[in-house]
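Notes to accompany the following structure.
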Amino acid sequence: MNQHPPDPADAVNAQMGNTAEDLTANLMTATQPAHSSTYPVSRLAPAFHAPDLTEQVGRVEAMLSARTSAKLGLIADQIRHLQDSARAILKQAEDEQNLHQADCGFERKPGHIYHLYCKQDGSRFWSMLSPADWRGQPPHAFTGSYRLEGDYSWTRLTDPAAAT
420 MNQHPPDPAD
430 AVNAQMGNTA
440 EDLTANLMTA
450 TQPAHSSTYP
460 VSRLAPAFHA
470 PDLTEQVGRV
480 EAMLSARTSA
490 KLGLIADQIR
500 HLQDSARAIL
510 KQAEDEQNLH
520 QADCGFERKP
530 GHIYHLYCKQ
540 DGSRFWSMLS
550 PADWRGQPPH
560 AFTGSYRLEG
570 DYSWTRLTDP
580 AAAT
């Protein structure tokens, strides 16, 4: 049996994790024909113009910048819309909380219409009686008529006929 002395390159490749297959693939890649190269490798090849590449890179960067700006602009518009929606929701919650804090001497039931009045001292209270029930002369300032919804939110009624 004829044994060859160990090759020091084999030890280095083994330490680097390179197998014989990896080395063969690298060797084949390095010896590819010139026609598959991404750059000119022959003096007979067409001229390689660096300014053309620079111009192309500039156009690509301009397009990338425009596309990025457009997308960020769209996101900014969406953020503004979401902020406006959040403000409206918070305002509505504050208004409904104020309505729920008005004095009430009876149990409010969803689906019913109630009438809000304001006393001279500024305190507000709920009544089941509309201004029409008082023959147009309620004892306190009428603020508005509201329907209590199933989720305990309030809907202001603008139609006086619906409030009776």
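Using my numbering, the first residue of the sequence shown is number 420, and each one after it goes up by one.
We put the CB at the ideal spot given by N, CA and C, even for glycine.
Q) Does DSSP classify Leu576 as helix, strand or coil? A) Correct three-state label for Leu576: strand.
Q: Can you give me the Cβ contacts of Glu568 inside the same chain, cut-off strictly under 7 Å, excluding the 5 residues immediately before and after it?
A: Here the set comprises Pro529 and Thr574.
Q. To which residues of the same chain is Leu576 closer than 8 Å at the C-beta, ignoring the five residues directly before and after it?
A. Around Leu576, the same chain offers Ile532, Gly563, Ser564, Tyr565, Arg566 and Ala582 as residues with beta carbons nearer than 8 Å, after the five sequence neighbours per side are excluded.
Q: Take Gly524 and list the residues in its own chain whose beta-carbon comes closer than 7 Å to its own, dropping the five residues that flank it on each side.
A: None.
Q: Within the same chain, show all residues whose beta-carbon is closer than 6 Å to that of His534, passing over the 5 residues directly before and after it, in chain order.
A: So the list reads Ser546, Ser549 and Ser564, once near-sequence residues are dropped.
Q: Report the residue ranges of all beta strand (DSSP E) runs contained in full by the region 507-575; include only those spanning at least 3 residues, in chain order.
A: Given a length threshold of 3 residues, each whole run of the beta strand (DSSP E) inside the region 507-575 is given here in chain order: 532-537, 543-546 and 560-567.
**Q.** Cβ separation of Glu515 and Ser572, assumed to be a contact under 8 Å, to the nearest whole Å
**A.** That pair is a contact at about 6 Å.
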